[in-house]
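Remarks on the structure that follows.
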Amino acid sequence: MLSIQLEQLYFPDTSDVLLHGIECNFIPGWTGIIGPNGSGKTLLAKTIAGLYSNYRGYIRGISSNYYLQQIDSIDTDEFYEFLCDSSSPSGIIKSKLDINWSHFEKIDCLSFGEKRRIQIGIALFLNPPLLILDEPTNHLDEYSRIIIQKALIDYTGVGILISHDRELLNFLVYQIYILKEGTGKVYSGNYSNYLILSQNERIRSNKEWEIAKYNHDRLSKEYSRRKIIASQAIQKRSGSKLDKNDNDGRAKLGLAIVSGKDGKAGKIKSQMDKKLEDSLLTLKKARGNLSKPELFYQPEQDDHQKNQSILNLAKQNLNLEYMNINIPPIHLTSSSRLGIRGRNGSGKSTLLNFIYDQCKNKFNQKPGNREEMFDEKEIYYMRQVMNAKEKQELIEKITNLPNFIKSEFNSIVHFFQMDAVNRKILSELSPGQWKKLEISWGILTKPKIWILDEPTNYLDIFTLESIERMFSNWDKSLIVVSHDLTFLEKVCTEVIEIK
């Protein structure tokens, strides 16, 4: 068993606290770690793996591990040893992951999916007592995802899985550890079970808040009433309102003082003070336990004709020097939501480029290059990855926005659980946060057509579900390539497969 207890986990090279109160026990089987982009999932994984030491606390139980990061490099020596091994366990792994000597021969030309299968195969072959995987199914097609799932289920050690892949989390894990708002919490079961448990928590915490608020309001009113009574009693005791010749009244006042009846209201008020103080503490605790509302961006409804035809493509073969793509008939309207799926290397991104060019011609736009994508008002094309130059250009455009437009942009960013952006924040974004920024920029520019290539890669689960809700209410044309079948099912009105 692996046991971790981190009182504080600090940001790199600073004394600023990223996470606190991290406690979890990991037994053989898979634990899924989820949380918003930038919440510290990867840094926690590196800490458990022994690659990061800026923390206060302890990690006990397992001294050796294998940590597979979000990189696509392959250790050729380990791969060669894996291929040469003729043991039964090695053969089973190679068979399940569809790995053979041909992959070694073309190692410099492997697809991302092939590289990832090989990396996981090597990790399972080495059979470490602790295996840590960081987004193992990112960029992978359905075929690679399925065979990786089937291979990982046989691992018998302690497995830690950082992932936004809901199908993988449901298939593999026995517990979920969620990082949110600087701390962590354990939920038993898979991701679907976590959704049920967290929903029950929200219902319970809302009920506790309602009860605490009702009791506090009731006590506050009673407190105010008792305060008035006590004030009146003090005035009576002072005798300030008695006539100077009212000897009988002064005698009664003296008797009340001797008997203690005059202090009864004051004692009750003191008791109410304590009750009100306890009620306020209960109310604050209930407020602190309230879950933050689930936000998603609600797009403005456009007044354009919803079924206006945008593009009609007949069934055809797209013959290129390096591949031949069979394109089914495609009919796009101003409110279509078309999903495209297929194996890695089947030509999905190439088809998107083709559709992009056809749409630009439809709108009589000049052929643009990648650098111009953020300036186009009619079409917004978000590709899989931004390079350094493109990131810098986006930074410049965001920082140079007029203040009133920048406020609108920051309000959009807030829906994706990001703080208001500035130059310092922009220089420290994770890949998932860059995705959120790209989507936010697209919303700001209000294009008529969205073309998205694997938009869910790197996004945390919470943002992923947020944009699912957003796009499911979309009234503009959307063309999206994705390996995430759940995303396509929830967002798209039609899905085609490229073979």
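Residue numbers (numbering that gives the first Met the number 0): 0 to 498. We treat Cβ as the ideally placed atom computed from N, Cα and C, and that holds for glycine. As the structure is a prediction and not an experimental result, all values here were calculated from the model.
Residues sharing a beta bridge with residue 4, DSSP
22 and 57
Hey, could you find the ends of the beta strand (DSSP E) residue 480 is sitting in?
476 to 480
Which residues bound the alpha helix (DSSP H) around residue 76?
75 to 83
Cα separation between residue 452 and residue 282?
47 angstroms
Thinking C-alpha only, which one of 38, 14, 29 and 8 is nearest residue 417?
38
Please report the residue range of the alpha helix (DSSP H) in which residue 444 lies.
430 to 444
Could you please give the first and the last residue of the uninterrupted beta strand (DSSP E) stretch that includes residue 315?
315 to 318
What do you reckon, are the CB atoms on residue 434 and residue 458 nearer than 7 angstroms?
yes
Is residue 108 buried or exposed, if buried means 16 or more other CB atoms sit within 10 Å of its CB?
exposed
Could you give the distance in angstroms between the alpha-carbon of residue 95 and the alpha-carbon of residue 121?
13 angstroms
Within the same chain, show all residues whose beta-carbon is closer than 7 angstroms to that of residue 154, passing over the 5 residues directly before and after it, in chain order.
123 and 130
Quick check: what's the CA-CA separation for residue 432 versus residue 33?
15 angstroms
Can you name the residues that DSSP bridges to residue 179?
182
Which residues in the same chain have their Cβ closer than 7 angstroms to the Cβ of residue 311, if we skip the five residues on either side of it in sequence?
330
So if DSSP puts residue 494 in a beta bridge, which residue, or which two residues, is it bridged to?
338
DSSP state of residue 384 mapped onto helix, strand, coil
coil
Enumerated in chain order, which unbroken segments of the beta strand (DSSP E) with a length of 3 residues or greater are wholly contained in the region 116 to 148?
129 to 133
Who does residue 29 pair with in a DSSP beta bridge?
158 and 172
Please go through the same chain and pick out, in chain order, the residues whose beta-carbon is closer than 7 angstroms to the beta-carbon of residue 23, but skip the five residues on each side of it.
3, 176, 183 and 185
What's the gap between the Cα of residue 132 and the Cα of residue 496?
29 angstroms
Are residue 117 and residue 98 close, meaning C-beta to C-beta below 7 angstroms?
yes
So the candidates are 60, 106, 68 and 63; which of them puts its Cα closest to the Cα of residue 79?
106
Where the beta strand (DSSP E) through residue 311 begins and ends
308 to 312
Beta-carbon separation (whole angstroms), residue 189 vs residue 168, contact threshold 8 angstroms:
6 angstroms
Going by Cα to Cα distance, which pick from 209, 16, 68 and 12 is closest to residue 136?
68
Should residue 440 be labelled buried (16 or more other beta-carbon atoms within 10 Å of its own) or exposed?
buried
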